[in-house]
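Following: one structure in structure tokens, then a few remarks.
Residue numbers (our numbering): 3 to 290.
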């Protein structure tokens with residue numbers, strides 16, 4: 003059993019206590035805003051279909067992709083209107099670390115809104131290479147989605163990855179992705195970032211690997227884990243989501259190694275507001 007459980011919770015408390023996606027208390031008091039500036043993605047998950055629309059509430063969806071200028075204007079207006087706003091994140095609709103716009107926006111946010119906690123959600127493929135830059139840009143929290151430890155399992159979850167100019171598929175793609183994801187967790191922690199690991203629980207594929215993900219991520223320095231249920235869609239539209247019992251039991255087992263966040267709203271890439279006070283419907287408000 004991991005013995006530093008309480009230390010993981012307390013080490014970064016000065017950041018996480020105001021982050022509604024890291025703290026159960028902050029979840030109902032503090033607001034976050036996701037700036038949808040990352041259009042491109044470098045992997046294809048079998049459960050993910052990126053969309054531009056106003057009617058779905060899930061990751062990978064935004065009403066539109068904003069330019070850095072428009073994103074900053076929306077952020078400025080939101081800061082003025084919502085004193086409860088404490089976190090600005092970039093979570094899509096593509097992969098933030100594969101888009102130069104992400105870094106342009108983070109630099110401007112660092113300069114213009116130093117009071118906000120900066121957060122990035124990533125698939126982890128480029129995290130090891132970008133962790134130093136994220137730290138220099140003032141990013142404090144990073145969420146990495148890791149769905150397996152075994153390449154054979156991961157090869158069933160990912161259609162392909164694009165890395166170093168090459169498109170990889172099958173087990174080879176899974177091997178590279180998993181290696182880079184866990185390397186990214188370690189490197190980000192070494193750079194002083196608070197790392198949360200997300201895992202999409204797919205009962206028919208990766209149910210048996212959740213504890214292994216938690217144990218390995220914990221050893222590498224991750225601070226928190228967020229297990230979210232599969233939304234059956236795209237290539238996985240015929241698979242079932244986990245039952246409430248499966249989700250509860252898996253979280254309890256993983257909690258031996260990492261604290262579990264149980265309130266995730268599975269937000270859009272343009273979400274804005276206090277998560278715990280929102281209904282799961284889009285609230286698009288960045289028309290400028």
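Where a beta carbon is used, it is the ideal one built from N, C-alpha and C, also for glycine.
Spatial neighbours of residue i in its chain, beta-carbon cut-off 8 angstroms, leaving aside the 5 residues before and after
i	result
residue 249	203, 229, 231
residue 21	28, 32, 34, 88, 89, 119, 121, 143
residue 2	In the structure as shown, the chain begins at 3 and stops at 290. Residue 2 is therefore absent and cannot be evaluated.
residue 112	120, 139, 140
residue 86	31, 32, 33, 276
residue 54	63, 64, 65, 66, 67, 95
6 angstroms CB neighbourhood of residue i in its chain, flanking five on each side removed
i	result
residue 147	125, 200
residue 280	none
residue 106	70
residue 68	38, 39
Cα-Cα separation between residue i and residue j, rounded to whole angstroms
i	j	result
residue 154	residue 207	10 angstroms
residue 239	residue 212	21 angstroms
residue 363	residue 242	Here the chain has residues from 3 to 290 only, and residue 363 is not among them.
residue 44	residue 129	12 angstroms
residue 109	residue 98	14 angstroms
residue 278	residue 233	20 angstroms
residue 257	residue 158	26 angstroms
residue 18	residue 152	30 angstroms
residue 182	residue 131	9 angstroms
Boundaries of the beta strand (DSSP E) in which residue i is found, first to last residue
i	result
residue 291	With the chain running from 3 to 290 in the structure shown, residue 291 is simply not present.
residue 36	33-36
residue 46	45-47
residue 91	87-92
residue 168	168-171
Continuous alpha helix (DSSP H) stretch holding residue i: start and end
i	result
residue 102	102-114
Contacts around residue i, its chain only, beta-carbon distance under 7 angstroms, and the 5 residues preceding and following it disregarded
i	result
residue 170	162, 163, 178
residue 205	242, 244, 248
residue 290	Since pLDDT at residue 290 reaches only 42, below the 50 mark, its modelled position is unreliable, and no value is offered.
residue 26	265
Short Cβ contact (8 angstroms threshold) for residue i with residue j
i	j	result
residue 115	residue 141	no
residue 65	residue 51	no
residue 100	residue 42	yes
residue 193	residue 134	yes
residue 223	residue 191	yes
residue 175	residue 160	yes
residue 96	residue 156	no
residue 123	residue 145	yes
Whole-angstrom C-beta distance between residue j and residue i, which should lie under 8 angstroms
i	j	result
residue 24	residue 188	About 19 angstroms separates the two Cβ atoms, so there is no contact after all.
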